[in-house]
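Okay, so the sequence shown: first residue is 1 according to the UniProt record's numbering, each after it adds one. The beta carbon of each residue, even a glycine, is placed where N, CA and C say it ideally should be.
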Amino acid sequence: MNYKQPEIRTVQVTRYVTPLREGGSLPAIAEADDGFMYVLKFRGAGQGTKALVAELIGGEVARILGIKVPELVFALLDESFGRTEPDEEIQDLLKASTGLNLALHYLSGAITYDPAVTKIDEELASKIVWMDCLLTNVDRTARNTNMLMWHRELWLIDHGASLYFHHSWHNWQQQAERPFVQIKDHVLLPQASKLESIDAEMRGRLTPERIEHIVSLIPDEWLVNGAADETPAEMRQVYAQFINTRINNSHIFVNEAQHARKTLI
């Protein structure tokens with residue numbers, strides 16, 4: 001697979017179209033100055049910029065692993081957007097999100113993945129389960145799959161619940177080597193029969209250099225409200241070290257996933 005170092009474009013939000021109220025953080029469909037529509041994730045939402053960091057890392061890791069994700073862009077939101085919105089909840093969110101946000105290219109016409117309707121092949125299911133174990137993504141369940149079918153292909157969305165270590169931050173070394181017990185609830189776990197065989201391939205793709213490229217994309221302003229004792233550069237290194245530690249100890253989460261899968265089949 002040819003690897004292209006990730007680059008994230010920056011767009012200016014020009015029009016707020018409609019909220020997506022099924023999302024807990026109240027994302028929205030918005031139009032940008034490049035003429036495209038995006039699903040806009042707000043820095044002023046519940047988990048703040050940590051969710052944006054997780055979304056950025058998760059999306060770019062998926063891309064390296066050959067899993068389809070919509071294009072991610074940095075989205076600049078002008079302070080004027082909060083002035084004319086009649087809904088007070090949305091108005092407050094817009095005002096709190098002035099500046100740099102994150103957005104995903106809007107997949108018009110996509111439908112939510114339904115495991116009862118569409119079966120995913122075992123290799124792709126195994127890659128997604130492996131990745132979600134790596135990133136400790138708790139939000140890919142039958143109740144909320146965070147996957148879309150678009151043009152008959154599976155696309156992943158919403159990685160904001162990944163990397164939950166950064167909400168406590170200081171014990172990241174211990175968390176990096178823990179199994180991911182929540183994998184038992186993963187919607188694709190029953191189909192993930194190739195975890196052991198794809199493990200080496202996935203680790204080979206996610207080299208330290210590629211992880212370094214991904215974390216280098218995190219804007220400083222998304223990190224300044226994090227752990228007070230670390231600089232943005234130091235915090236990026238923690239993210240890189242956390243991910244690399246989990247990759248180097250992938251047998252821990254692979255074994256946990258295989259054990260959980262045996263209880264389902």
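8 angstroms or more divides the Cβ of L189 from the Cβ of V138. DSSP places T18 inside the beta strand (DSSP E), whose first and last residues are R9 to P19. Here DSSP, grouped into helix, strand and coil, assigns N248 to helix.
P70 is classed as buried because its beta carbon has at least 16 other beta carbons within 10 Å across all chains shown. Assignment of alpha helix (DSSP H) within the region 188–248, counting only whole runs of 4 or more residues, yields 195–205, 208–216 and 232–248 in chain order.
Between I29 and T18, the CB-CB gap stays under 8 angstroms.
Within its own chain, the residues whose Cβ lies closer than 7 angstroms to the Cβ of I214, once the five positions on either side in sequence are excluded, are P6, I57, E60 and V61, listed in chain order.
Inclusion of I198 and E123 in the CB contact set at 8 angstroms is warranted, their separation being smaller than that value.
Under the three-state reduction of DSSP, F81 is assigned to helix. When the Cα atoms are used, K262 and H251 turn out to be separated by approximately 16 angstroms. A Cβ-Cβ contact shorter than 8 angstroms links V73 with V11. The beta carbon of D220 is closer than 7 angstroms to those of P232 in its chain, skipping five residues each way along the sequence. In the three-state reduction of the DSSP assignment, F253 falls in the helix class.
In this structure, L26 places its C-beta atom within 8 angstroms of the C-beta atom of A45. With contacts defined by Cβ atoms closer than 8 angstroms, N144 and L156 do not form a contacting pair.
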